[in-house]
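In the UniProt record's numbering, the protein residues as written are 1 to 227.
Cβ atoms here follow ideal geometry from the backbone N, Cα and C, with glycine treated the same way.
Quick caveat, the model's predicted, so the values are computed rather than measured.
Here is the structure we will look at, set down as C-alpha cells.
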Amino acid sequence: MPYTVEILQVQQVTHDVKRFVVTKPDGYSFTSGQAADVSIRQPGWEDNLHAFTFTSLNEDEVLEFVIKGYLVADYPKHQGVTEKIHSLVVGDELLISDPWGTITYKGKGVFIAGGAGITPFISIFRDLHKKGGLSGNTLVFSNKTEADVILEQELIAMFDPEHLIFTLTRQRLAGYEYGRVDGKFLQDRGIDFSQYFYLCGPRPMVNDLRAVLSEFGANVENMVFEE
Numbered sequence: 001m002p003y004t005v006e007i008l009q010v011q012q013v014t015h016d017v018k019r020f021v022v023t024k025p026d027g028y029s030f031t032s033g034q035a036a037d038v039s040i041r042q043p044g045w046e047d048n049l050h051a052f053t054f055t056s057l058n059e060d061e062v063l064e065f066v067i068k069g070y071l072v073a074d075y076p077k078h079q080g081v082t083e084k085i086h087s088l089v090v091g092d093e094l095l096i097s098d099p100w101g102t103i104t105y106k107g108k109g110v111f112i113a114g115g116a117g118i119t120p121f122i123s124i125f126r127d128l129h130k131k132g133g134l135s136g137n138t139l140v141f142s143n144k145t146e147a148d149v150i151l152e153q154e155l156i157a158m159f160d161p162e163h164l165i166f167t168l169t170r171q172r173l174a175g176y177e178y179g180r181v182d183g184k185f186l187q188d189r190g191i192d193f194s195q196y197f198y199l200c201g202p203r204p205m206v207n208d209l210r211a212v213l214s215e216f217g218a219n220v221e222n223m224v225f226e227e
C-alpha cells in the first residue's frame, strides 16, 4: 500500500533539477542511500512508478527528493514521469512506496558520481557531516558542464578541498578538472584503490568503472552500487 505525501516546497536547483520537500508519513523510516518508488497522485499517473532517492535525513520531519527532469522528447524511456513531476506545485500529491536500496555506507572511501547519480550520496554525506564522520572520504563528481553540477556549494562546504574533485566532460573551466573518470584519472590524482568505492551514475558509466577499478586492483567486494 503506497503512502500519500503532499508537496510542501519546490525549489529550482539547476537548470533541469528541482528539490521537492514533501510530508513524511507517520512512522516512515529509511536509511541514507535508500530510495522509494514514486508516482503522481493524479488520474493516469498513479501506476507510472519511478525510483527516487531520499536526500533528507531519516530524523527530519519531512522527506526531500532532488529530481532531474528528463523531457520525454529527448528521453522517451522516462515516459514523461520526471517531466510531469517538474510541473507539480505545492499542494499536489505523490505516492511513495516503502524504502529500498543497496547503496549504504560501509566505511571511508571514494564516492564517484555521474550527474544525477549524486542523489543517493547526498543523504549519506549530510548524515556523516552532521556526525563529524565525513572527513577522509573523497568525492569525484562528473558532469557535462558547470551548469549541471547539483548542490555544488553544499558539497564544497562539507568536503575538505583535497577530497573533492569536480570534473567536466564537455566544458573546460578554471577550477574544474576535465575529462571522463577512468583508472588513469583516479591514479593521477593519488586515489588509493584498496578502499571502498561507491558508484552511481548512468549504467554504462558504472559498469565501465567496475571493470576499470578491478583492473587497477580494487576489490570487487569493496564496490558499492545499486544492483
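If you check the beta carbons only, do G107 and Y196 fall under 8 Å apart?
Translated into the one-based positions of the sequence shown, residue 107 becomes position 107. Translated into the one-based positions of the sequence shown, residue 196 becomes position 196. It is a contact, given that the beta carbons lie within the stated cut-off.
Give me whichever residues DSSP pairs with D37 in a beta bridge.
As a position in the sequence shown, residue 37 is number 37, starting the count at 1. Per DSSP, A51.
Local conformation of G109 per DSSP, three classes:
For the purposes of this step, residue 109 is taken as the residue at position 109 of the sequence shown. In the structure shown, G109 sits in a strand (DSSP, three-state: E or B).
Could you round the C-beta distance between D127 and L57 to whole angstroms and report it? I think they count as a contact, below 8 Å.
Locating residue 127 in the sequence shown gives position 127, counting from the first residue. Locating residue 57 in the sequence shown gives position 57, counting from the first residue. Yes, D127 and L57 are in contact; Cβ-Cβ is about 6 Å, under 8 Å.
Simplified DSSP state of F30, which is helix, strand or coil:
Locating residue 30 in the sequence shown gives position 30, where the first residue counts as 1. F30 falls in the coil class under three-state DSSP.
In the DSSP assignment, find the beta strand (DSSP E) that holds V81 and state where it starts and stops.
Mapped onto the sequence shown, residue 81 falls at position 81. No beta strand (DSSP E) holds V81; the alpha helix (DSSP H) holding it covers V81 to I85.
Reference L95, options E227, L49, G27 and I112, closest by Cα
Along the sequence shown, read from residue 1 onward, the residue named residue 95 stands at position 95. Checked all of E227, L49, G27 and I112; the closest Cα to L95 is L49.
Could you check what DSSP says for T102 in three-state terms: helix, strand or coil?
Here residue 102 is taken as the residue at index 102 of the sequence shown, counted from 1. Looking at T102 - three-state DSSP - the assignment turns out to be coil, as it is neither helix nor strand.
How big is the Cα-Cα spacing for S32 and E226?
Translated into positions along the sequence shown, residue 32 becomes position 32. Translated into positions along the sequence shown, residue 226 becomes position 226. Straight-line Cα distance between these residues: approximately 13 Å.
Among residues of its own chain, excluding the 5 on either side of V89, which ones have a beta-carbon nearer than 8 Å to its beta-carbon?
Taking the sequence shown and counting its residues from 1, the one referred to as residue 89 is at position 89. Around V89: I7 and V10.
Sorted by chain position, which residues of the same chain lie with C-beta nearer than 7 Å to D92's C-beta, five sequence neighbours on each side aside?
Position 92 of the sequence shown, counting from 1, holds the residue named residue 92. Counting only Cβ-Cβ distances below 7 Å, and skipping sequence neighbours, we find I7.
Measuring only the C-alpha atoms, how far is S39 from P204?
Position 39 of the sequence shown, counted from the start, is the residue given in the question as residue 39. Position 204 of the sequence shown, counted from the start, is the residue given in the question as residue 204. One C-alpha to the other measures close to 26 Å.
Among the residues of its own chain, which have a CB less than 7 Å from the CB of R189, if the five just before and after it don't count?
Within the sequence shown, the letter at position 189 stands for residue 189. Closer than 7 Å at Cβ, skipping near neighbours: I165.
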